[in-house]
Amino acid sequence: MKIVTIIGARPQFIKSAPFSKAVQKLKSNGDENKGTINELVVHTGQHFDANMSDVFFEELNIPKPAYNLQINSTSHGIMTGRMIESIESILMKEMPDWVMVYGDTNSTLAGALAAVKLNIPIVHVEAGLRSYNRKMPEEINRVLTDQCADCLFCPTRQAVKNLEREGFSNFIKDGSLVEFSDLRNLALEIGATHHPVIINVGDTMYDAVLQFAEIARKKCRILDQLEIHPRQYLLATIHRQYNTDCPANLLEILSAFIEIDEPIIFPVHPRTKKYVDMTNLDLKSSKVRCIPPVGYLDMLTLEQNSKSILTDSGGIQKEAYFFGVPCITLRTETEWVETVETGWNVVVGTDRKRIVETTKKLKMENPRPDMYGDGKAAEKMIKFLFAFKKRKLV
Ligand code: UD1
Ligand code: UDP
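The opening position of the sequence shown corresponds to residue 5 in UniProt numbering, with each subsequent residue numbered one higher.
Written as structure tokens, this is what we have:
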């Protein structure tokens, strides 16, 4: 089974790593499928700084990309268009059984559009998420990618429900998490009538956290390097287009960080750096410490030891939940509604006063049920794809 994996942005390296690891495992010591799988990684180049790309390939042991398209730093249309053109020629040459795309970036959509036009089956990992905010480029990317995909691997029950609301009907087991032992039969049962296939396998970011949090705990010295102590600092990230490129929103958020008056570690995304540098705010004499983006292991260490997390990132909202750290989301809505419903995440928008007040009040003692699978999402995906292929349904 030949798979072409298309990734390009930081969160996609992390989301794809557990699948690549499961492929490697199967190649060396797997079951009857041993040796019959081949994954080729295409890096679109969307993220390209060493601390936004290389560090993740090294730390998470992701296969070296067979192709790096080096397409970045331009408008949505140009970026997506150039990616489609390059990916199309790669797919025509490689002719894989599946194209795998992750999440909701321009690289995701470009991969899906290139593949669907060549009739190559598409797997969308992290399918079904919705913010219902069509002004977010990510929302458009994920809605369109779901429309192109043949196999929609959802991370949560809510994601399956979202697809059901849009008229998709072929979800398996009412959208509840699929058990490992059910996969083969499910793939056989659903037959050719089920197209596309919608299945809740759990979240590959949760797989990644389970695989790497302990390694991070043992290896990382970032707290010592920054001279900070567990639970005595907050962690912040911002990179959403509507928070960075809108001076009013950025000013409100940064003013709140200053007013919070507690140490805030702030790894600054390259997009954000440009705009932070343009403000007149005196962050240097505040307790906000701007640092360059950090690698995954350092980030996991910073997250698990922080008192609370302020972010507009999708992945970080979830990681806060995995670690039982309260999260304040600097947006007006979230795709990860379960984190809000369980009381671990508060969506506050960008109002300075509200950010400051919520940060002071946060205390989290609520239960934290498992909502993102059992850490075996990637292995379930492979098993399902194999069983499906054997039935020659694709
Ligand atoms: C992209 C994704 C977003 C995702 C985020 C993860 C889209 C539409 N957006 O947003 O969904 O949450 O990645 O971080 O696909 N830059 C650098 N060095 C880098 C990477 C980016 O300097 O290594 C600069 C680019 O030159 C560009 C800006 O950052 O000017 C934005 O990069 P881009 O990839 O367009 O969007 P992100 O904001 O990173
Ligand atoms: N991350 C990281 N270093 C950083 C910031 C984020 O390793 O300096 C990781 C973070 O732990 C999470 C992922 O990047 O796994 C989230 O990516 P990002 O916030 O860029 O994108 P989003 O999830 O919003 O799409």
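We put the CB at the ideal spot given by N, CA and C, even for glycine.
Excluding five sequence neighbours on each side, which residues of the same chain lie with their C-beta closer than 8 Å to the C-beta of residue 219?
-> 301
Should residue 111 be counted as a contact of the ligand UD1 given a C-beta to heavy atom distance under 8 Å?
-> yes
Nonlocal neighbours in the same chain, by C-beta distance under 7 Å from residue 12, ignoring five residues either side | 47, 48, 49, 50, 51, 109 and 111
The ligand UD1 heavy atoms versus the CB of residue 278: any closer than 8 Å?
-> yes
Is it true that the stretch 114-123 meets the stretch 151-164, where meeting means three or more beta-carbon pairs spaced less than 8 Å apart?
-> yes
Pocket of the ligand UDP defined by Cβ to heavy atom distance under 5 Å = 14, 15, 18, 271, 297, 298, 300, 303, 317, 318 and 319
Going by alpha carbons, who is nearest to residue 224 out of 80, 163 and 307?
-> 307
Roughly how many whole angstroms lie between the Cα atoms of residue 295 and residue 278?
-> 14 Å
State the CB to CB distance for the pair residue 91 and residue 70, rounded to an integer number of angstroms; the pair is presumed to be in contact (CB under 8 Å).
-> Incorrect: roughly 12 Å between the Cβ atoms, too far for contact.
May I ask you to list the residues that DSSP assigns as paired with residue 6?
-> 42
Who are the Cβ neighbours of residue 174 in its own chain at under 7 Å, not counting the five residues just before and after it?
-> 198, 199, 200, 201 and 202
Could you check which residue in 97, 55, 188 and 18 has the C-alpha nearest to that of residue 6?
-> 97
According to the neighbour-count rule (16 or more other Cβ atoms, all chains shown, within 10 Å of its Cβ), is residue 192 buried or exposed?
-> exposed
How should residue 25 be labelled, buried or exposed, when 16 other C-beta atoms within 10 angstroms of its C-beta is the threshold for buried?
-> buried
When the Cβ atoms of the stretch 247-267 are set against those of the stretch 350-360, are three or more pairs found closer than 8 Å?
-> yes
In three-state DSSP terms, what is residue 204?
-> strand
Inside the stretch 212-271 only - alpha helix (DSSP H) runs reaching at least 4 residues | 226-230, 245-248 and 251-264
Using three-state DSSP, classify residue 47 as helix, strand or coil.
-> strand
Cβ shell of residue 328 (< 8 Å), same chain only, five flanking positions each side left out = 348, 368 and 372
Rounded to the nearest angstrom, how far is the Cβ of residue 22 from that of residue 381, given a contact under 8 Å?
-> 7 Å
Check whether the Cβ atoms of residue 20 and residue 87 lie closer than 9 Å to each other.
-> no
Which residues bound the alpha helix (DSSP H) around residue 128?
-> Run containing residue 128: none in the alpha helix (DSSP H); it sits in the beta strand (DSSP E), 126-129.
Among 293, 184 and 322, nearest to residue 262 - alpha-carbon criterion | 293
Going by beta carbon distance, what residues of the same chain come within less than 7 Å of residue 165, once the five residues before and after it are set aside?
-> 179
DSSP state of residue 104 mapped onto helix, strand, coil | strand
Cβ-heavy atom distance between residue 209 and the ligand UD1 below 8 Å?
-> no
So what does residue 71 bridge to, in DSSP terms?
-> 46
Note the first and the last residue of the continuous alpha helix (DSSP H) segment covering residue 160.
-> First-last for residue 160: undefined, no H or E at that position.
Candidates 291, 212, 81 and 266: closest to residue 319 by CA position = 212
Unbroken alpha helix (DSSP H) runs of length 4 or more, entirely within the stretch 317-366: which are they?
-> 318-327, 341-345 and 356-365
Indicate whether residue 210 and residue 388 have their beta-carbon atoms separated by less than 9 Å.
-> no
Report yes if the C-beta of residue 85 is less than 8 Å from at least one heavy atom of the ligand UD1; otherwise report no.
-> no
What do you reckon, are the CB atoms on residue 64 and residue 18 nearer than 9 Å?
-> yes
Can residue 47 be considered in contact with the ligand UD1, in the sense that its beta carbon sits closer than 8 Å to one or more heavy atoms?
-> no
Where residue 389 sits in the DSSP three-state scheme = helix
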